[in-house]
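Undergrad:
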Amino acid sequence: MKKAAAMLLLAAFVLTLGAGCKKNVVFTGVVEEVYENAILVRTGDEVGFDLARVGFAEGCKGLDFDFAVGQTVKLTILPEIAESYPVQVRAKKVELLFDAGAPIPID
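So, in structure tokens, the structure goes:
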């Protein structure tokens with residue numbers, strides 16, 4: 006009986022640990038404003054919010070370019086989303102998909 010109770014308690018503990026784990030959220034957006042340590046992006050409907058102020062988590066990957074209004078970026082954010090308007094998130098990875106301000110090469 007004690008062994009069964011201990012196993013049940015252990016199983017409940019393991020399930021509780023896994024319940025708090027969330028996956029990162031990935032979405033694309035267009036840069037609307039650029040700040041010193043953050044950007045404001047307009048998103049699509051796939052994430053449930055239209056605007057997000059994106060800060061950068063420690064060790065954020067992909068910050069090897071300068072942000073500019075009009076760029077399309079793919080963001081991988083931590084699952085913590087501050088419920089404000091606009092929502093506030095922290096990116097752990099940024100990818101530049103399209104740079105509207107980049108010069109067009111002429112051949």
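Residue numbers (my numbering): 6 to 112. Quick reminder that beta carbons are idealized off the backbone N, C-alpha and C, glycines included.
Can you list, in chain order, the residues of its chain with a C-beta nearer than 6 angstroms to that of Gly25? Leave out the 5 residues immediately preceding and following it.
TA: Locating residue 25 in the sequence shown gives position 20, counting from the first residue. Residue confidence for Gly25 is low, a pLDDT of 47 falling below 50, so the modelled location carries little weight; the figure read from the coordinates is stated next. Around Gly25: no qualifying Cβ.
Undergrad: May I have the straight-line CA-CA distance separating Leu56 from Ile111, to the nearest angstrom?
TA: Locating residue 56 in the sequence shown gives position 51, where the first residue counts as 1. Locating residue 111 in the sequence shown gives position 106, where the first residue counts as 1. Going by the C-alpha atoms only, they are around 35 angstroms apart.
Undergrad: On the CB-based measure, 16 or more other CB atoms within 10 Å of its CB, does Leu20 come out buried or exposed?
TA: If you number the sequence shown from 1, residue 20 lands on position 15. Here Leu20 scores only 41 on pLDDT, less than 50, and its place in the model should not be relied on; the value that follows carries that caveat. When all chains shown are included, Leu20 counts as exposed.
Undergrad: For the beta strand (DSSP E) containing Ala43, name the first residue and the last one.
TA: By 1-based counting over the sequence shown, the position of residue 43 is 38. Element bounds for Ala43: 43 to 48.
Undergrad: Taking 8 angstroms as the cut-off, does the segment 75 to 88 touch the segment 25 to 40 (at least 3 CB pairs, one atom from each stretch)?
TA: yes
Undergrad: What number of angstroms, rounded off, separates the C-alpha of Leu22 from the C-alpha of Ile86?
TA: As a position in the sequence shown, residue 22 is number 17, starting the count at 1. As a position in the sequence shown, residue 86 is number 81, starting the count at 1. Reliability fails at Leu22, whose pLDDT of 40 lies under 50, so the model's placement of it is uncertain and the value that follows must be treated cautiously. Leu22 and Ile86 have their C-alpha atoms roughly 20 angstroms apart.
Undergrad: To the nearest whole angstrom, what separates the beta carbons of Leu101 and Thr33, a pair I think is in contact under 8 angstroms?
TA: Along the sequence shown, read from residue 1 onward, the residue named residue 101 stands at position 96. Along the sequence shown, read from residue 1 onward, the residue named residue 33 stands at position 28. Their Cβ separation, rounded to whole angstroms, is 11 angstroms, which puts Leu101 and Thr33 out of contact at 8 angstroms.
Undergrad: So, for Glu41: in the same chain, excluding its five sequence neighbours on each side, which residues have a beta-carbon less than 6 angstroms away from its beta-carbon?
TA: Your numbering for residue 41 matches position 36 in the sequence shown. Result list for Glu41: empty, nothing under 6 angstroms.
Undergrad: Going by DSSP, what residues sit across from Leu101 in a beta bridge?
TA: Counting from 1 along the sequence shown, the entry for residue 101 is found at position 96. Its beta-bridge partners are Val78.
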